[in-house]
Amino acid sequence: MSHALEGVRILDFTHVQSGPTCTQLLAWLGADVIKVERPGEGDPTRGQLRDIPDVDSLYFTMLNHNKRSITVDAKKPRGKELLERLIRHCDVLVENFAPGALDRMGLTWERIQSLNPRMIVASVKGFGPGPYQDCKVYENVAQCAGGSASTTGFDDGPPLVTGSQIGDSGTGLHLALGIVAALYQRQSSGRGQKVLAAMQDGVLNLCRVKLRDQQRLARTGVMEEYPQYPDGKFGDAVPRAGNASGGGQPGAILKCKGWETDPNAYIYFITQAAVWEPICRIIGKPEWITHPDYATLPARLPRLKQIFDTIEQWTQTKTKFEAMEILNQYDIPCGPILSMKELAEEPSLRATGTVVEVDHPTRGKYLSVGNPIKLSDSPSEVTRSPLLGEHTDQILAELGYSEDQIAALRADRAI
Ligand code: COA
426 MSHALEGVRI
436 LDFTHVQSGP
446 TCTQLLAWLG
456 ADVIKVERPG
466 EGDPTRGQLR
476 DIPDVDSLYF
486 TMLNHNKRSI
496 TVDAKKPRGK
506 ELLERLIRHC
516 DVLVENFAPG
526 ALDRMGLTWE
536 RIQSLNPRMI
546 VASVKGFGPG
556 PYQDCKVYEN
566 VAQCAGGSAS
576 TTGFDDGPPL
586 VTGSQIGDSG
596 TGLHLALGIV
606 AALYQRQSSG
616 RGQKVLAAMQ
626 DGVLNLCRVK
636 LRDQQRLART
646 GVMEEYPQYP
656 DGKFGDAVPR
666 AGNASGGGQP
676 GAILKCKGWE
686 TDPNAYIYFI
696 TQAAVWEPIC
706 RIIGKPEWIT
716 HPDYATLPAR
726 LPRLKQIFDT
736 IEQWTQTKTK
746 FEAMEILNQY
756 DIPCGPILSM
766 KELAEEPSLR
776 ATGTVVEVDH
786 PTRGKYLSVG
796 NPIKLSDSPS
806 EVTRSPLLGE
816 HTDQILAELG
826 YSEDQIAALR
836 ADRAI
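When we follow our numbering, the leftmost residue of the sequence shown carries the number 426, and every step to the right adds one.
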C-alpha cells in the first residue's frame with residue numbers, strides 16, 4: 426500500500442525531542458527523512474540517559490524511527506557544499522537549533538531560497554518574536570512560559586510541570602501540521618515558505634481552556650466548577666485546579682480498592698449531568714435524584730467536595746477495573762489511572778500498533794510508542810532508528826557523489 430507523504434523528502438536537521446518528534450511523524454506518514462548529524466557525536470540524545478553502555482539510548486531510538494542518518498559537518502566547506510546539495514534535493518528542511526544557529530552556518534532563508542525556491546523551512550523555537558526570541562528553551566521552560574505550570578497542581582502547592590511533553594512533542598506535532606499545510610499550498614503557489622512553531626505558543630494553544638477561564642474570572646470573579654468554590658478565594662489569575670475537570674462536567678480523581686499500597690489505584694470520575702440518576706443509584710444515594718440540593722448541576726456545584734467524597738466511599742470498595750465495568754454499563758464517563766507498566770502490557774494497544782516492539786541491532790528488542798495517527802490508506806510500520814551515519818554512503822550515491830569526492834569528504838572529516 427502507498428503512503429500519504431510518499432515522494433516527500435525531508436532534510437531533518439533536528440535534535441533532542443521537539444524537532445525529531447515532528448520528523449518521525451512525517452516519516453510514519455511516508456516521507457523519506459534524512460537526518461543530518463554531526464560526525465562522531467550525532468544527536469546529543471544518542472548518549473543521554475543511556476541504560477546500556479555504548480548503545481543508542483531509548484531517548485534517541487524512540488524519537489527517530491523510520492529515518493536515515495547521514496553525518497555532515499556543516500561548518501566545513503565540503504560539508505556545507507554537501508548540505509547545499511541536500512537542500513536542492515529535498516522538499517522540506519526541518520530544524521530546531523538555538524535561534525540564529527542556522528544563519529551562522531550560512532543557511533539563511535535567502536540562501537536556501539536561492540538554492541531551492543520550492544523548499545519549505547520549518548523551525549521549532551522556544552519563543553516567537555518578542556522579548557525572549559533569542560532564548561534557548563527546553564520542555565519545562567516552555568511549560569512554565571506557556572501557561573501550563575501556573576495552572577497545574579493544587580491550590581496550596583507550587584506550580585507543577587506535567588509528565589506529557591507538551592512543549593517538545595506538542596510543538597513537534599504543531600510543526601508537522603504546518604509542514605503538511607505548506608506542502609499543500611506549494612502545489613498551487615509553486616513556492617516554499619517558512620513555518621514556525623514556537624514552544625510557548627504551542628503550550629498556550631494546548632492551554633486555551635485556561636485563557637477561556639481567565640476571561641470568565643475577570644468578568645465574574647468566581648468559577649463555580651473550580652475546587653476553590655465556594656469556600657476558597659479567587660485572585661486575579663486562573664488558579665491551579667487540582668484534578669477538577671476542565672469542562673462543564675465536574676470530575677475528580679477518586680481512590681479505588683488498594684489505594685493504600687498501589688499509587689495508581691484511582692479512577693477519574695465525571696458526574697456528567699445526563700447520567701446523574703444512575704450515579705445516585707450506584708453509590709446508594711437514590712434520594713439525591715430529586716433532592717433540590719443535588720438534582721440540578723447548579724445546585725451540585727457548591728457541594729462538589731461532599732459529592733465526590735460520597736462517590737469515593739463507593740469507588741474504594743471496587744478496584745479501578747471493577748468500577749470501570751460497572752460505570753460503563755450506564756455510560757458514566759470514567760477512566761482508570763493507568764501506570765506506564767500497565768500501558769506497556771495492554772494487549773489492545775499492541776494490537777493497534779500504538780505500542781510496538783522494535784528490534785535494534787545493538788540494543789535488541791525494546792518497546793516504543795507507534796504512530797498515534799491512523800490513516801486507513803497509509804498504514805505506518807515502525808522501523809528502527811538509524812545508527813549514526815548508517816546511510817551516509819547510500820545518500821551520497823543518490824546525490825551523485827563519485828568515489829573520489831567521497832574520499833575527499835572523508836579526508837576533510839566533513840562526513
Ligand atoms: N555540523 C556542525 N555544527 C553543528 C551541526 C553539524 N551537523 N549540528 C549542530 N551544530 C552546531 C550548531 O551550528 C551550533 O553552533 P553555534 O552555536 O556555533 O551556532 C551548535 O551545534 C549547538 O546548537 P544549539 O542548537 O545551540 O544546541 P544546544 O545544545 O546548545 O541547545 C537547545 C539545545 C534545544 C536548547 C537549542 O537548540 C534550542 O533552544 N532549540 C530551539 C528550541 C527547542 O527545540 N527546544 C527543545 C529541544 S527538545
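Glycine included, C-beta positions come from ideal geometry on N, C-alpha and C.
As the structure is a prediction and not an experimental result, all values here were calculated from the model.
Taking the C-alpha atoms as reference points, what is the distance between residue 516 and residue 498?
For the purposes of this step, residue 516 is taken as residue 91 along the sequence shown, with counting starting at 1. For the purposes of this step, residue 498 is taken as residue 73 along the sequence shown, with counting starting at 1. Rounded to the nearest angstrom, the two C-alpha atoms are 21 Å apart.
Contact set for residue 712: own chain, Cβ-Cβ below 6 Å, skip 5 residues either direction
Here residue 712 refers to the residue found at position 287 of the sequence shown. Closer than 6 Å at the Cβ level, and outside the excluded window around residue 712, lies no residue.
Compute the Euclidean distance between the alpha carbons of residue 474 and residue 793, then round it to the nearest angstrom.
Counting from one through the sequence shown, the residue named residue 474 turns up at place 49. Counting from one through the sequence shown, the residue named residue 793 turns up at place 368. Cα-Cα distance, rounded: 16 Å.
Taking the alpha carbon of residue 607 as the point to measure from, which residue in 533, 768, 543, 528 has its own alpha carbon closest?
Position 182 of the sequence shown, counting from 1, holds the residue named residue 607. Considering only alpha carbons, the answer is 543.
One question on the structure: do residue 460 and residue 494 come within less than 9 Å of each other, judged by their Cβ atoms?
Reading the sequence shown from its first residue, position 35 is the one you call residue 460. Reading the sequence shown from its first residue, position 69 is the one you call residue 494. Yes, these two residues count as a Cβ contact at 9 Å.
Could you tell me how far apart the beta carbons of residue 628 and residue 568 are, in whole angstroms, since I believe they sit closer than 8 Å?
By 1-based counting over the sequence shown, the position of residue 628 is 203. By 1-based counting over the sequence shown, the position of residue 568 is 143. Sure, about 6 Å apart at Cβ, within 8 Å.
Quick check on DSSP: helix, strand or coil for residue 548?
For the purposes of this step, residue 548 is taken as residue 123 along the sequence shown, with counting starting at 1. The answer is strand: DSSP assigns residue 548 an E or B state.
Determine the DSSP secondary structure at residue 784, reduced to helix, strand or coil.
Translated into positions along the sequence shown, residue 784 becomes position 359. Strand at residue 784.
Spatially closest choice to residue 620 from 427, 510, 550, by CA coordinates:
The residue labelled residue 620 in the question sits at position 195 within the sequence shown. Ranking the options by Cα distance to residue 620, first place goes to 550.
Ordered along the chain, which non-local residues of its own chain (more than five positions away) have a Cβ less than 7 Å from that of residue 782?
Walking along the sequence shown from the start, residue 782 turns up at place 357. Taken in chain order, the residues that qualify are 790, 792.
Cβ neighbours of residue 579 in the same chain (closer than 7 Å, five flanking residues each side left out):
Against the sequence shown, residue 579 aligns to sequence position 154. These residues qualify, in order along the chain: 665, 667.
Continuous alpha helix (DSSP H) assignments of at least 4 residues falling wholly in the segment 757–831:
765–770, 772–777, 817–823
Quick one: Cα of residue 430 to Cα of residue 683, how far?
Within the sequence shown, the letter at position 5 stands for residue 430. Within the sequence shown, the letter at position 258 stands for residue 683. Taking the straight line joining both Cα atoms gives about 48 Å.
Can you give me the Cβ contacts of residue 650 inside the same chain, cut-off strictly under 6 Å, excluding the 5 residues immediately before and after it?
Residue numbering aside, residue 650 sits at position 225 when the sequence shown is read from its first letter. 675, listed in sequence order.
State the beta-bridge partners of residue 438 as determined by DSSP.
Counting from one through the sequence shown, the residue named residue 438 turns up at place 13. BP columns for residue 438 point to 520.
Does the Cβ-Cβ distance between residue 583 and residue 560 come in under 9 Å?
Translated into the one-based positions of the sequence shown, residue 583 becomes position 158. Translated into the one-based positions of the sequence shown, residue 560 becomes position 135. Not a contact, by the Cβ cut-off of 9 Å.
On the three-state DSSP scale, how would you describe residue 656?
Within the sequence shown, numbered from 1, the residue matching residue 656 stands at position 231. Note: residue 656 maps to coil in three-state DSSP.
Hey, would you say the C-beta of residue 560 is under 8 Å away from at least one heavy atom of ligand 1?
Indexing the sequence shown from 1 puts residue 560 at position 135. Yes - ligand 1 has a heavy atom lying nearer than 8 Å to the Cβ of residue 560.
Residue closest to residue 470, alpha-carbon to alpha-carbon, out of 764, 813, 776, 637
Position 45 of the sequence shown, counted from the start, is the residue given in the question as residue 470. Closest by alpha carbon: 813.
Can you check the segment 605–650 for any alpha helix (DSSP H) of at least 4 residues that lies completely inside it and give the ranges in chain order?
624–631, 633–645
Are there any heavy atoms of ligand 1 lying less than 8 Å away from the beta-carbon of residue 573, as far as the coordinates show?
Position 148 of the sequence shown, counted from the first residue, corresponds to residue 573. No, ligand 1 has no heavy atom inside 8 Å of this Cβ.
So, for residue 505: in the same chain, excluding its five sequence neighbours on each side, which residues have a beta-carbon less than 8 Å away from its beta-carbon?
As a working mapping, residue 505 is identified with position 80 in the sequence shown. If we look at residue 505 and ignore the five residues flanking it on each side, its Cβ neighbours are 499, 530, 531.
Could you check where the alpha helix (DSSP H) with residue 503 kicks off and where it finishes?
For the purposes of this step, residue 503 is taken as residue 78 along the sequence shown, with counting starting at 1. Note, residue 503: alpha helix (DSSP H), 502–514.
Counting along the chain, where does the alpha helix (DSSP H) carrying residue 539 start and finish?
Here residue 539 refers to the residue found at position 114 of the sequence shown. First-last of the alpha helix (DSSP H) with residue 539: 534–540.
Does the beta-carbon distance from residue 820 to residue 760 come in below 9 Å?
For this step, residue 820 is matched to residue 395 along the sequence shown. For this step, residue 760 is matched to residue 335 along the sequence shown. Not in contact: residue 820 and residue 760 (Cβ atoms no closer than 9 Å).
Return yes when at least one heavy atom of ligand 1 lies under 8 Å from the C-beta of residue 469, else no.
By one-based count along the sequence shown, residue 469 stands at place 44. Checking the Cβ of residue 469 against ligand 1 gives yes.
Would you call the segment 692–702 and the segment 634–653 in contact, with 3 or more CB pairs under 8 Å?
no
Cβ pair residue 451, residue 546 closer than 9 Å
Numbered from 1 along the sequence shown, position 26 holds the residue referred to as residue 451. Numbered from 1 along the sequence shown, position 121 holds the residue referred to as residue 546. Going by C-beta atoms, residue 451 is not nearer than 9 Å to residue 546.
Given that a residue counts as buried once 16 or more other Cβ atoms are within 10 Å of its Cβ, and exposed if not, what is residue 603?
Along the sequence shown, one-based indexing puts residue 603 at 178. The residue is buried, with at least 16 neighbouring Cβ atoms inside 10 Å.
Between the Cα of residue 818 and the Cα atoms of 804, 798, 839, which residue gives the shortest distance?
Stepping through the sequence shown from its first residue, residue 818 is reached at position 393. When only C-alpha atoms are compared, the closest one is 839.
Classify residue 528 as helix, strand or coil using the three-state DSSP reduction.
Numbered from its first residue, the sequence shown carries residue 528 at position 103. It is helical.
Contact defined as beta carbons within less than 8 Å: I believe residue 592 pairs with residue 564. What is the distance between those atoms, to the nearest angstrom?
On the sequence shown, position 167 is the one that residue 592 refers to. On the sequence shown, position 139 is the one that residue 564 refers to. That belief holds up - the Cβ atoms of residue 592 and residue 564 are roughly 4 Å apart, short of 8 Å.
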